[in-house]
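All the letters of the sequence shown, read from the start, carry residue numbers 12 to 447 under my numbering.
So the structure is just underneath, and the comments pick up after that.
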Amino acid sequence: MKYHLATYGCQMNEYDSAMIAQMLMRHGATPVLEPDKADVIIVNTCSVREKAEDTAIARIFQFKPLKQANPDLKIIIVGCMAKNKGEELLKRLKFVNYVVGPDQYRKIPELLFSPSRKRLCLLDFDSQENYVGESANLLTPFSTHITIQRGCNKRCSYCIVPYVRGPEKYRCAEDILREVSEAARAGVSEVMLLGQTVNAYRDGNENFASLLNRVSEIEGIKRIRFTSPHPRHYTRDLLEVLTQNSKICHHAHIPLQSGSNAILKKMRRQHDMETYYGIIDYLRSADPLYHISTDIICGFVGETETDFEQTLEAVQKVQFDTAFMFVYSPRRGTESFLETEILSENEKKERHTRLTEIQNAITLKRNQLMLGRKETLLVERASSRDAEEMMGKTDNFKKVIFKPEGIVKPGDYVRCKIDDIRGWTLRGTLVENEQE
Ligand code: 5AD
Ligand code: SF4
Numbered sequence: 012m013k014y015h016l017a018t019y020g021c022q023m024n025e026y027d028s029a030m031i032a033q034m035l036m037r038h039g040a041t042p043v044l045e046p047d048k049a050d051v052i053i054v055n056t057c058s059v060r061e062k063a064e065d066t067a068i069a070r071i072f073q074f075k076p077l078k079q080a081n082p083d084l085k086i087i088i089v090g091c092m093a094k095n096k097g098e099e100l101l102k103r104l105k106f107v108n109y110v111v112g113p114d115q116y117r118k119i120p121e122l123l124f125s126p127s128r129k130r131l132c133l134l135d136f137d138s139q140e141n142y143v144g145e146s147a148n149l150l151t152p153f154s155t156h157i158t159i160q161r162g163c164n165k166r167c168s169y170c171i172v173p174y175v176r177g178p179e180k181y182r183c184a185e186d187i188l189r190e191v192s193e194a195a196r197a198g199v200s201e202v203m204l205l206g207q208t209v210n211a212y213r214d215g216n217e218n219f220a221s222l223l224n225r226v227s228e229i230e231g232i233k234r235i236r237f238t239s240p241h242p243r244h245y246t247r248d249l250l251e252v253l254t255q256n257s258k259i260c261h262h263a264h265i266p267l268q269s270g271s272n273a274i275l276k277k278m279r280r281q282h283d284m285e286t287y288y289g290i291i292d293y294l295r296s297a298d299p300l301y302h303i304s305t306d307i308i309c310g311f312v313g314e315t316e317t318d319f320e321q322t323l324e325a326v327q328k329v330q331f332d333t334a335f336m337f338v339y340s341p342r343r344g345t346e347s348f349l350e351t352e353i354l355s356e357n358e359k360k361e362r363h364t365r366l367t368e369i370q371n372a373i374t375l376k377r378n379q380l381m382l383g384r385k386e387t388l389l390v391e392r393a394s395s396r397d398a399e400e401m402m403g404k405t406d407n408f409k410k411v412i413f414k415p416e417g418i419v420k421p422g423d424y425v426r427c428k429i430d431d432i433r434g435w436t437l438r439g440t441l442v443e444n445e446q447e
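Below, the structure written as structure tokens:
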């Protein structure tokens with residue numbers, strides 16, 4: 012059986028897709044890049060904004076002619092939109108066979124190998140389903156993602172995630188450590204721990220800070236990353252570990268959402284600006300180049316011009332290395348969906364444009380600060396622009412393009428002097444005899 016897997020949305024979905032791929036390959040299936048060569052098409056979807064759902068639906072419609080040409084083709088929708096829209100998808104998209112929510116992925120191989128033509132929707136939450144033993148197929152031979160927490164308990168008033176992914180569940184620490192050790196033995200040196208509010212992790216006496224320390228003790232692991240932390244769960248313990256343990260990379264994606272305390276409260280964010288600035292001050296005093304990225308929503312219900320200006324001020328004050336900036340999208344089923352919006356779509360977009368312009372200038376400035384530095388890069392791949400050049404990342408998650416000398420391959424660590432910037436892209440020169 013040949014399968015084609017298309018993934019939309021966050022890193023959690025990337026991980027889940029890798030896990031589904033692994034389950035299918037264990038059953039003898041092989042991946043294909045071209046959907047028209049597949050016996051099975053799986054679309055892993057996102058629901059976080061309406062646009063994400065529209066994109067996935069448009070993509071799924073493109074598969075309709077393939078199904079008409081080959082009635083045996085099975086099309087399956089998984090991920091957040093599957094859970095969010097459920098039966099409605101089966102009704103609307105008659106050419107789709109199965110709709111499967113995030114806690115039901117173990118059933119996928121059975122469904123796909125079954126001769127039955129019954130169309131099905133499997134959406135139940137399962138509080139026990141942590142996909143233990145299903146370590147996702149390594150994304151690269153040297154770097155891997157591991158989901159340590161699924162679901163979310165926060166219920167921010169705009170967010171659909173808790174409804175589609177269910178309440179928080181944590182994987183047992185021993186399983187996580189075993190999985191990282193196995194990956195390390197197979198040659199992985201970089202690990203990314205994943206969870207919707209990853210730093211809320213707990214398991215018995217273990218918390219996120221202690222888990223990070225234990226992961227760092229695993230032989231072969233050189234770099235530890237994680238995403239996404241929640242500002243509410245940056246404990247003193249955690250801040251100390253983050254700045255003292257040299258294997259934990261100096262990059263954090265800390266969603267801000269808004270710079271106005273009044274809006275943060277309406278969003279039910281469980282943090283205010285004082286807490287947020289406290290975290291940033293701690294991390295940036297330890298390392299002024301600590302990479303901080305964020306998510307910001309523009310035009311949330313009730314956001315006044317003054318609230319928005321406070322967001323602009325916060326962006327200037329923090330100096331984010333990068334930011335994902337979104338226009339507020341009301342999602343049915345969330346608390347804020349019930350509130351009447353005053354801003355028009357254009358007004359929301361206009362705020363988004365203003366914010367983007369300011370942030371773009373800051374991103375450039377933050378990258379310029381890297382000029383002149385000698386950094387260790389983990390080499391990832393050939394550069395997408397020029398196959399004779401390669402791309403590697405610094406500890407603080409900056410991409411650097413360089414010309415390899417001799418044999419340099421993905422997974423190697425090399426020393427580089429960052430000596431140029433083109434657009435936003437940093438460029439470096441290998442520093443001889445300093446290969447690790
Ligand atoms: N509208 C716009 N952006 C949203 N996000 C979550 N829900 C919405 C929504 N309804 C953004 C948040 C979150 C990121 C993953 O998506 O910024 O951190
Ligand atoms: Fe959504 Fe808030 Fe949970 Fe993040 S913390 S997934 S924004 S509810």
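Even for Gly, the Cβ is constructed at its ideal location relative to N, Cα and C.
Remember, it's a predicted structure, so these values are computed and weren't measured experimentally.
Cβ-heavy atom distance between Q268 and ligand 1 below 8 Å?
-> For ligand 1, at least one heavy atom lies less than 8 Å from the Cβ of Q268.
Less than 8 Å between the CB of Y293 and some heavy atom of ligand 1, yes or no?
-> Y293: no, Cβ never under 8 Å from ligand 1.
Below 7 Å CB to CB, which residues in the same chain sit around G97 once its five sequence neighbours on both sides are set aside?
-> Answer for G97: V110, C132, L134, listed in chain order.
Please confirm whether any heavy atom of ligand 1 lies closer than 8 Å to the CB of P341.
-> Checking every heavy atom of ligand 1 against the Cβ of P341, one is found closer than 8 Å.
Roughly how many angstroms separate the alpha carbons of F331 and I373, rounded to a whole number?
-> Roughly 7 Å between the two C-alpha positions.
Closest Cα partner of L354 within the set N224, R384, G313, T345 | The option with the nearest alpha carbon to L354 is G313.
Should A398 go down as buried or exposed, given a rule of 16 or more other Cβ atoms within 10 Å for buried?
-> Around the C-beta of A398, fewer than 16 other C-beta atoms lie within 10 Å, and the residue is accordingly described as exposed.
To the nearest angstrom, how far is it from the Cα of K365 to the Cα of F335?
-> For clarity, residue 365 is Arg in the given sequence; the question names Lys instead. Note on geometry: alpha-carbon atoms of R365 and F335 lie some 14 Å from one another.
Y26 to K428 span [Cα, whole Å] = Those two C-alpha atoms are separated by around 33 Å.
Cutoff 7 Å; reference I291; Cβ partners in own chain excluding five residues on either side | The residues are I303, V329.
In three-state DSSP terms, what is E447?
-> Confidence at E447 is low in this model, with a pLDDT of 49, below 50, so its placement is unreliable and the value that follows should be read with caution. Residue state for E447 is assigned as coil, using DSSP reduced to three classes.
Can you name, in chain order, every residue of its own chain whose Cβ lies under 7 Å from the Cβ of E447, other than the five neighbours on each side?
-> Any reading at E447 must be qualified, since the residue scores a pLDDT of 49, below 50, and its modelled position is unreliable; the value itself is stated next. Within the same chain, Cβ atoms closer than 7 Å to the Cβ of E447 are found at T387, Y424, the five residues on either side in sequence being excluded.
Enumerated in chain order, which unbroken segments of the alpha helix (DSSP H) with a length of 4 residues or greater are wholly contained in the stretch 313-348?
-> Fully enclosed alpha helix (DSSP H) runs of 4 or longer: 316-329.
Within 10 angstroms of its Cβ, does D431 collect 16 or more other Cβ (buried), or is it exposed?
-> Exposed, because fewer than 16 other Cβ atoms sit within 10 Å of the Cβ of D431.
Tell me whether I308 counts as near ligand 1, meaning its Cβ is closer than 8 Å to at least one heavy atom of that ligand.
-> At least one heavy atom of ligand 1 falls within 8 Å of the beta-carbon of I308.
Beta-carbon proximity list for R182, same chain, < 6 Å, skipping 5 on both sides | Closer than 6 Å at the Cβ level, and outside the excluded window around R182, lie N141, I159.
Rounded distance between the beta-carbons of T56 and G112, thought under 8 Å | Incorrect: roughly 11 Å between the Cβ atoms, too far for contact.
Counterpart residues of E156 in DSSP-defined beta bridges = The residue you asked about is not Glu; residue 156 is His in the sequence shown. Its beta-bridge partners are M203.
Cβ atoms of L223 and L250: under 9 Å apart, would you say?
-> Contact: no.
To the nearest angstrom, how far is it from the Cα of S28 to the Cα of V59?
-> Straight-line Cα distance between these residues: approximately 17 Å.
Nearest residue (CA-CA) to D137, options Q79, P178, N272 = Comparing Cα-Cα distances from D137 to each of Q79, P178, N272, the minimum goes to P178.
With DSSP as the reference, label H264 as helix, strand or coil.
-> Strand at H264.
T374 in three-state terms, based on DSSP = T374 sits in a helix when the DSSP states are folded into three classes.
Selection from R433, A63, F106, Y116 that minimises the alpha carbon distance to K85 | Considering only alpha carbons, the answer is F106.
Can we count Y26 as close to ligand 1, meaning its CB is less than 8 Å from some heavy atom?
-> Flag unset: Cβ of Y26 not near ligand 1.
What is the DSSP secondary structure of N357, counted as helix, strand or coil?
-> Three-state DSSP puts N357 in a helix.
Please indicate yes or no: does the CB of K180 lie closer than 8 Å to some heavy atom of ligand 2?
-> No, since every heavy atom of ligand 2 falls outside the 8 Å radius drawn around the Cβ of K180.
Can you give me the Cβ contacts of Y212 inside the same chain, cut-off strictly under 7 Å, excluding the 5 residues immediately before and after it?
-> These residues qualify, in order along the chain: I159, Q160, Y181, G206, N218, F219, L222.
Sort out for me which residues DSSP pairs E386 with in a bridge.
-> Looking at the DSSP assignment, E386 forms a beta bridge with C427.
Going by other Cβ atoms of all chains shown within 10 Å of its Cβ, with 16 needed for buried, is S200 buried or exposed?
-> Buried: at least 16 other Cβ atoms inside 10 Å.
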